[in-house]
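Visitor:
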Amino acid sequence: MRIGTLVLALLLLSVSALAIGGAEVTASILRYDPTPAEQGNTVDVWVQLSNSGTKADRVTIKFVPEFPFSLPEGQEQEIDVGVIAATEAKVVKFTVYVDSTAPNGERDIKFLYKYSSTDEWVYLETPLSIETQNAVLVIEDYSVEPKLVVPGQNAMVRMTLANEGKIDVKNLDVSLNLNDSTFSTIGSGTKKRIDSVPAGKSVTVSFTLASDTSTQVKLYSIPVELSFQDERNKEYTDTAKISLAVNAPPELSLSVDSTDFASKTSPGTVTLKVVNKGVVNVKYLSVTLAQTGDYEILSPSNEEYVGNLDNDDFETVDFVIKPLVENPRLSVNVQFKDPYNLDFAQSYTMPLRIITDKDLGKSSTPIGTIAVLVLLAAGGAYWYRRHKKKR
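Using my numbering, count along the sequence shown one by one with no gaps and you end on 1331.
1) How is Lys-1033 classed by DSSP in three states: helix, strand or coil?
2) Which one or two residues does DSSP pair with Phe-1168 in a beta bridge?
3) I'd like to know whether the C-beta atoms of Ile-1079 and Met-1099 end up nearer to each other than 9 Å.
4) With three or more C-beta pairs closer than 8 Å as the rule, is the segment 977–990 touching the segment 1024–1038?
5) Which residues bound the beta strand (DSSP E) around Thr-982?
6) Please check the pair Val-1109 and Val-1143, which I expect to be a contact at CB under 8 Å, by giving their CB distance rounded to whole angstroms.
7) Take Ala-1180 and list the residues in its own chain whose beta-carbon comes closer than 8 Å to its own, dropping the five residues that flank it on each side.
8) If we count Cβ pairs, one from each stretch, closer than 8 Å, do we get three or more for the segment 1014–1030 versus the segment 1078–1093?
9) Please give me, in chain order, every unbroken run of the beta strand (DSSP E) with length at least 3 that falls completely inside the segment 1053–1105.
10) So, is Tyr-1245 buried or exposed, given that buried needs 16 or more other C-beta atoms within 10 angstroms?
11) Could you check what DSSP says for Ala-967 in three-state terms: helix, strand or coil?
12) Measuring CB to CB, does Val-1186 end up less than 9 Å from Gln-1156?
13) Tell me whether Val-1109 sits in a helix, a strand or coil according to DSSP, three-state version.
14) Just the Cα atoms here: how many angstroms apart are Thr-1296 and Asp-1258?
15) Roughly how many angstroms lie between the CA atoms of Glu-1175 and Phe-1051, to the nearest whole one?
16) Residue range of the beta strand (DSSP E) that Glu-1255 falls in?
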């Protein structure tokens, strides 16, 4: 009987103490997911509100935005929890965005809460772990010197590799895949190793490439294979591509191939020869003879279209003109495109030397014609004498 009375007395004392002390609410981070949180993504945070006193009314909690944490669109900053009974707890969830520029490590996330027993906000400040889940390595920039690679010549390729992640990378292998190209490396192999690249830092790697003399003029895409580890020894592989433009300056020459004039002042035909002496083919080639005071153009058009002209090849075009001076000079414009459709125009001024049969010592009357006439005359005389004797 005495024991029962004692227990009842203790219970009454406990209830009395709770009634005297009132509500007593505390807050803590129950958990967050993912763990660790990652830059540039959201993290769900569960906050537990525990009441160790009497019933708590009007319990409210709100998030405090502070770098690197903020609220995504649609997430309420303040949550009305309502009533928490004595010795009970409630859990609320906030979805929080982690800034993409946040460094790895622990950063405090902050909340404010209050309840009926107090009008003052109470701080909850707890660290969250932030860490990049994956290493990020990219080719930030690259250059080729010279920009246009001439077949048979060398080129220097420099690449800047940037660690855009939040963790260091190590044992970086940079490899050029040259299997499907006519390039080869000089002074090194196709693979180079870099010991480490700290987070947010960049490194430069270079290769000297030689092009074969048979390398076609076009744009080449070369795969660059990256293999590395992060600081947790997780392995990564990635492939990027760089481009090399193979080209050479066009080399054309123009000359007078032949002329056909009866005299130096009579109309005649001049034949021009266009020679492609370079290593690149040209296309859309046209030759225009400009009108000057040295001659009159008698051709239906002063422009002749050639079209494509391969390297180590030539084409001829004809123009009919009438010389107006004793020593005329031709004014010619040549227009074309290279394999990359870049426009080119070249102008030529060249003397026109008109050579006639008279200059070459040739008679204006053909020798064969004279011989026939002589034979006919001799035959006629012989026939006449024979016929006269018979009479």
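All residues carry an ideal CB built from backbone N, CA and C; glycine is no exception.
Guide: Result, derived from the coordinates:
1) Position 93 of the sequence shown holds residue 1033. In the three-state reduction of the DSSP assignment, Lys-1033 falls in the strand class.
2) Translated into positions along the sequence shown, residue 1168 becomes position 228. DSSP lists Tyr-1176 as partners of Phe-1168.
3) Against the sequence shown, residue 1079 aligns to sequence position 139. Against the sequence shown, residue 1099 aligns to sequence position 159. The criterion of a C-beta distance shorter than 9 Å is satisfied by Ile-1079 and Met-1099.
4) Enough Cβ pairs lie closer than 8 Å, so yes.
5) For the purposes of this step, residue 982 is taken as the residue at position 42 of the sequence shown. Note, Thr-982: beta strand (DSSP E), 982–991.
6) Counted from its first residue, the sequence shown places residue 1109 at position 169. Counted from its first residue, the sequence shown places residue 1143 at position 203. A Cβ-Cβ separation of about 10 Å leaves Val-1109 out of contact with Val-1143 under the 8 Å criterion.
7) Position 240 of the sequence shown, counted from the start, is the residue given in the question as residue 1180. Cβ neighbours of Ala-1180 beyond the five flanking positions: Val-1078, Ile-1079, Pro-1163, Val-1164 and Leu-1166.
8) Taking 8 Å as the limit for Cβ pairs, the verdict is that the segment 1078–1093 does not touch the segment 1014–1030.
9) Those beta strand (DSSP E) runs which fall completely within the segment 1053–1105 and span 3+ residues are 1058–1070, 1077–1085 and 1094–1103.
10) Against the sequence shown, residue 1245 aligns to sequence position 305. Classified as exposed, Tyr-1245 has fewer than 16 neighbouring CB atoms from the shown chains inside 10 Å of its CB.
11) Along the sequence shown, read from residue 1 onward, the residue named residue 967 stands at position 27. In this structure, Ala-967 counts as strand in the three-state DSSP scheme.
12) The residue labelled residue 1186 in the question sits at position 246 within the sequence shown. The residue labelled residue 1156 in the question sits at position 216 within the sequence shown. Yes. Within cutoff.
13) Walking along the sequence shown from the start, residue 1109 turns up at place 169. The answer is strand: DSSP assigns Val-1109 an E or B state.
14) By 1-based counting over the sequence shown, the position of residue 1296 is 356. By 1-based counting over the sequence shown, the position of residue 1258 is 318. Looking at the two C-alpha atoms, the distance is approximately 17 Å.
15) Translated into the one-based positions of the sequence shown, residue 1175 becomes position 235. Translated into the one-based positions of the sequence shown, residue 1051 becomes position 111. Taking C-alpha positions only, Glu-1175 is separated from Phe-1051 by approximately 38 Å.
16) Locating residue 1255 in the sequence shown gives position 315, where the first residue counts as 1. Looking at the DSSP string, the run of the beta strand (DSSP E) that includes Glu-1255 is 1253–1263.
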